[in-house]
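Going left to right, the sequence shown walks through residues 302 to 461 as the numbering used here numbers them.
C-beta: ideal position from N, C-alpha, C; glycine also.
To keep things clear, I will list the structure first and then write my remarks on it.
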Amino acid sequence: MIRTATPDDIPVIHAMVRELAEYEKAPDEAKASREQLHEALFGERPAAFAHIAEAAGEPVGFALWFLNFSTWRGVHGIYLEDLYVRPEARGGGHGKALLTELARICVERGYERLEWSVLNWNRPSIEFYEALGARPQDEWTVYRLTDGALRGLGKPGSGD
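See the structure below:
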């Protein structure tokens, strides 16, 4: 049911990323190309990893993740960037199976955290995650620099 993604999965991963962006009401923000996903997952120095959920031999979901690091714990963890199961396959245990695989990797490798973000309005996902024992980190607020603000701050001489 769950397997490590291969380069042949790039088209389906790309399609599901776009489907996820539609679900999250942000289709214009999903700009990654197939080539970028291939480089990130299978290039000379992979920066991310992916697993595919299958039903009857067909991909129905995916998890895309990367390593983070906790200075407090002194070890790596996994940050789950995307977890997506196609609507027709929801309720079939694929999301739980993907999270179970990532938890297994954490335990096997000595990682002490599996973290992700969820949109505040996504009640079905929040209830699913809490049923697994995950807890929100309400005391933290995520900040993000993108586009013009990122370029402005990163421009040579901006930190002087």
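Problem set entry | Segments assigned alpha helix (DSSP H), at least 4 residues, entirely inside the region 307-356 | You should have 311-324, 335-343.
For this session: Look at Ala404 and Leu381 and say whether their C-beta atoms are less than 8 angstroms apart.
Result: If you check the CB distance, Ala404 and Leu381 do not come in under 8 angstroms.
Exercise. Below 8 angstroms, can you find three or more Cβ-Cβ pairs linking the region 410-424 to the region 362-379?
Worked result: Segments in contact, yes.
Exercise. Could you give the uninterrupted runs of the beta strand (DSSP E) lying entirely in the region 371-427, keeping only those of 3 residues or more?
Worked result: Entirely contained in the region 371-427, the beta strand (DSSP E) runs reaching 3 residues are, in chain order, 376-386, 415-417.
Exercise. Using the rule of at least 16 other Cβ atoms within 10 Å of the residue's Cβ for burial, across every protein chain shown, is Tyr385 buried or exposed?
Worked result: Flag for Tyr385 reads buried.
Exercise. Looking only at its own chain, which residues have a Cβ that is under 7 angstroms from the Cβ of Lys402, when we skip the five neighbours before and after it?
Worked result: According to the sequence displayed, residue 402 carries Glu and not Lys. Ile303, His352.
Problem set entry | Ala435, DSSP secondary structure in three states | The answer is coil: DSSP assigns Ala435 none of H, G, I, E or B.
Exercise. Roughly how many whole angstroms lie between the Cα atoms of Glu336 and Pro437?
Worked result: One alpha carbon belongs to Glu336, the other to Pro437, and they sit about 34 angstroms apart.
For this session: For Leu451, name the three-state secondary structure that DSSP assigns.
Result: Three-state DSSP puts Leu451 in a helix.
Problem set entry | Burial state of Pro328, where buried means 16 or more other Cβ atoms lie within 10 Å | Residue environment analysis places Pro328 among the exposed positions, since fewer than 16 neighbouring C-beta atoms fall within 10 angstroms of its C-beta.
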